[in-house]
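Everything below concerns the one structure shown next.
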Amino acid sequence: MSTFMLKNSPVQFTPVSNIFLEKYMPKARGEFVKVYLMMLKYSISGELGVSSSIIASNLNLLESDIMNALNYWHDEGIIQLVPIDKMNNFNIKFMELSGDENTESTLNLLDELNKNNTKDMLKEVERLLARPLSPKEMSTYLGLQNDFSFSSEMILMLIEYCVSKGKADSRYIEKVALAWHDSGIKNIEDVHAYITRSEDKWVKIRKILAYLGIKNAEVMKPQEELMEKWMFTYNFSNEVILKACEICFERLNRADFRYIDGILTRWNNDGIKTLEDVATKNLPSKTSNNRSNNYDNGKKSNLKFTDYEQRTYDYDSLERKLLGWDNND
Numbered sequence: 001m002s003t004f005m006l007k008n009s010p011v012q013f014t015p016v017s018n019i020f021l022e023k024y025m026p027k028a029r030g031e032f033v034k035v036y037l038m039m040l041k042y043s044i045s046g047e048l049g050v051s052s053s054i055i056a057s058n059l060n061l062l063e064s065d066i067m068n069a070l071n072y073w074h075d076e077g078i079i080q081l082v083p084i085d086k087m088n089n090f091n092i093k094f095m096e097l098s099g100d101e102n103t104e105s106t107l108n109l110l111d112e113l114n115k116n117n118t119k120d121m122l123k124e125v126e127r128l129l130a131r132p133l134s135p136k137e138m139s140t141y142l143g144l145q146n147d148f149s150f151s152s153e154m155i156l157m158l159i160e161y162c163v164s165k166g167k168a169d170s171r172y173i174e175k176v177a178l179a180w181h182d183s184g185i186k187n188i189e190d191v192h193a194y195i196t197r198s199e200d201k202w203v204k205i206r207k208i209l210a211y212l213g214i215k216n217a218e219v220m221k222p223q224e225e226l227m228e229k230w231m232f233t234y235n236f237s238n239e240v241i242l243k244a245c246e247i248c249f250e251r252l253n254r255a256d257f258r259y260i261d262g263i264l265t266r267w268n269n270d271g272i273k274t275l276e277d278v279a280t281k282n283l284p285s286k287t288s289n290n291r292s293n294n295y296d297n298g299k300k301s302n303l304k305f306t307d308y309e310q311r312t313y314d315y316d317s318l319e320r321k322l323l324g325w326d327n328n329d
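In terms of full-length UniProt numbering, the sequence shown opens at residue 1 and continues consecutively.
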């Protein structure tokens with residue numbers, strides 16, 4: 001048996017499909033085309049991965065421009081942008097482009113539309129969104145049934161939930177669907193429990209933010225996670241959390257999530273769970289009361305610096321020496 005060793009030379013060019021040049025490039029924004037070509041170059045050259053900051057720097061764009069471009073090409077169906085985790089990391093797959101790339105999906109969609117239950121679900125989706133669905137949106141919502149095993153009722157509840165949040169675009173709905181799937185939601189009962197838990201959480205969070213003078217839109221993910229810890233890990237009531245916020249304001253004259261977290265963490269470690277516990281902790285100790293009473297009664301406290309023989313000075317003699325009067329005596 002023979003073994004043949006191959007010596008590969010690095011590719012010095014990036015092949016671009018004519019389908020992309022003729023069909024997709026003319027209608028896309030210039031920066032979107034730049035991002036697609038750069039990502040294609042990294043993919044062809046065998047790069048294992050690249051950060052959005054590097055691409056943004058190379059193309060003189062913002063990192064938000066990079067994500068907007070990749071989401072655009074994902075919606076166009078020429079790449080697959082699949083979330084890996086909740087830290088905004090993704091797998092990117094470049095799709096094979098051909099003249100009839102949409103034929104198979106169109107035929108599959110037509111087959112699905114021949115089913116009465118599918119047509120009924122899509123009509124209800126259109127009613128919830130108050131607009132007709134595009135073929136791509138139809139494929140997206142039907143794909144949730146295949147990818148996540150969501151029933152028609154779950155998909156309708158998903159869309160209704162997103163619409164109630166003021167979000168009706170398919171990308172947002174897909175992200176919420178992924179979050180539900182990652183949370184182990186499998187049936188209508190799970191959906192109800194998840195929504196109830198989520199709404200209860202945000203009612204409490206809004207009260208905390210209102211007390212701190214912060215708008216909902218301004219809260220960041222780390223701050224949200226801290227508040228979740230206070231509510232669900234430490235099991236503090238909103239009243240206790242607001243008391244910690246009050247103490248923070250008294251000491252710092254501003255809102256500081258880390259400082260509030262430090263207060264609540266100490267309370268949790270000390271077993272303090274109620275406002276009564278907080279009040280008890282803040283009562284003066286017996287030792288301090290006794291010391292105060294001793295001073296009030298005119299009693300001397302046995303302080304260490306009184307336990308040695310104190311020096312005595314002749315202040316008149318010292319004054320004469322300092323003024324030079326002792327030489328005239």
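Every residue gets a Cβ at the ideal spot worked out from N, C-alpha and C, and that includes glycine.
Ordered along the chain, which non-local residues of its own chain (more than five positions away) have a Cβ less than 6 angstroms from that of residue i?
i           : result
residue 238 : 204 and 207
residue 267 : none
residue 148 : 181
For residue i, list the residues DSSP reports as bridge partners.
i          : result
residue 80 : 93
Under the assumption that residue i contacts residue j (Cβ atoms under 8 angstroms), give the Cβ distance between them as a whole number of angstroms.
i           : j           : result
residue 78  : residue 67  : Not a contact, Cβ separation roughly 16 angstroms.
residue 81  : residue 71  : 7 angstroms
residue 212 : residue 163 : With 8 angstroms as the limit, residue 212 and residue 163 do not qualify as a contact, their Cβ atoms being about 29 angstroms apart.
residue 185 : residue 191 : 6 angstroms
residue 236 : residue 264 : 6 angstroms
residue 59  : residue 38  : 6 angstroms
residue 201 : residue 228 : 7 angstroms
residue 140 : residue 174 : 7 angstroms
residue 172 : residue 183 : Not really, about 17 angstroms apart at Cβ, beyond 8 angstroms.
residue 24  : residue 76  : 6 angstroms
residue 69  : residue 13  : With a Cβ gap of about 22 angstroms, residue 69 and residue 13 do not count as contacting.
residue 249 : residue 223 : Between residue 223 and residue 249 the Cβ distance is about 16 angstroms, and since that is not below 8 angstroms, they are no contact.
residue 152 : residue 121 : 4 angstroms
residue 156 : residue 124 : 6 angstroms
residue 15  : residue 55  : Their Cβ separation, rounded to whole angstroms, is 20 angstroms, which puts residue 15 and residue 55 out of contact at 8 angstroms.
Got a sec? Which residues, its chain only, sit under 7 angstroms from residue i by beta carbon, not counting five neighbours each side?
i           : result
residue 253 : none
residue 219 : 209
residue 112 : 118 and 142
Measuring CA to CA, which of the options is closest to residue i?
i           : options               : result
residue 243 : 229, 261, 228 and 124 : 261
residue 234 : 190, 209, 222 and 273 : 273
residue 168 : 132, 146, 181 and 198 : 132
residue 57  : 120, 49, 35 and 47    : 35
residue 198 : 53, 171, 54 and 231   : 231
residue 90  : 52, 113, 121 and 151  : 52
residue 88  : 134, 210, 115 and 50  : 50
residue 126 : 246, 112 and 160      : 160
residue 146 : 166, 118 and 124      : 118
residue 246 : 16, 278 and 136       : 278
So what does DSSP say about residue i, is it helix, strand or coil?
i           : result
residue 184 : coil
residue 30  : helix
residue 133 : coil
residue 222 : helix
residue 270 : coil
residue 254 : coil
residue 116 : helix
residue 214 : coil
residue 148 : helix
residue 49  : coil
residue 17  : coil
residue 330 : With the chain running from 1 to 329 in the structure shown, residue 330 is simply not present.
residue 85  : coil
residue 342 : The question about residue 342 has no answer, for the chain in this structure spans 1 to 329.
residue 165 : coil
residue 192 : helix
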